[in-house]
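So the structure is just underneath, and the comments pick up after that.
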Amino acid sequence: MKIIMVSHQGFASGVLSAAKFIVGDLPKIESVELDDRGISTFRSEFQKIMKQISLSEKIVLLSDIPAGSPGNSAFELLTEAGFDTTYLSGCNLPMVLDLVLSNNIDSALKAGKGGLVDVTAIPETNDEDDDF
């Protein structure tokens, strides 16, 4: 399984950097971001990554926001090329960590949703062992 993260400027590379900090090397993940160079440059950069992937490999596409240009453009390119792609949007760090550790899409979606918490509504604990 190959994971490709796409986003608006700074998000995908930041989440990938944080995931590598926590887990270590992640050779099966790539990231591409839409920046001020525009969508045509994004598509060109994305196609470079696609050329390095076998059509037989399962792709999980992660994007920052639903219906955003990076996700929609990447999904269109993958679909047109014939890749077996699952497209998940609303990506967050818990989702990425779970996906790389479990290789399970349902588990990753659950972790992503579970990572959305109003911390002010959680009773305070005195757990000093948390180094996150």
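Going by our numbering, the first residue of the sequence shown is number 838, and it counts up by one from there. Ideal placement from N, C-alpha and C gives every residue a C-beta, glycine not left out. Since the structure is predicted, the reported quantities are computational estimates derived from the model, not experimental observations.
The beta-carbon separation of residue 839 and residue 882, rounded to 16 angstroms, does not stay under the 8 angstroms limit for a contact.
Here residue 852 is not near residue 946, since their CB atoms are 7 angstroms or more apart. Residue state for residue 895 is assigned as coil, using DSSP reduced to three classes.
Between the alpha carbons of residue 903 and residue 911 lies a distance of about 12 angstroms.
Contact annotation: the region 947 to 962 touches the region 920 to 930, with at least three C-beta pairs closer than 8 angstroms. Distance from the CA of residue 921 to the CA of residue 960, rounded to the nearest whole angstrom, comes to 44 angstroms.
Beta-bridge pairing by DSSP links residue 841 to 867, 898. Around the CB of residue 908, 16 or more other CB atoms lie within 10 Å, so the residue is classed as buried. Between residue 855 and residue 868, the gap from beta carbon to beta carbon reaches 7 angstroms or more. In the structure shown, residue 922 adopts extended strand secondary structure according to DSSP, grouped into three states. According to the DSSP assignment, residue 886 belongs to the alpha helix (DSSP H) that extends over 876 to 887.
As the crow flies, the alpha-carbon of residue 899 is around 6 angstroms from that of residue 926. Close CB contacts of residue 872 within its chain, under the 6 angstroms cut and outside five residues either way in sequence, are with 846 (chain order).
Minimum Cα-Cα distance from residue 859 among the listed residues 880, 938, 885 corresponds to 938.
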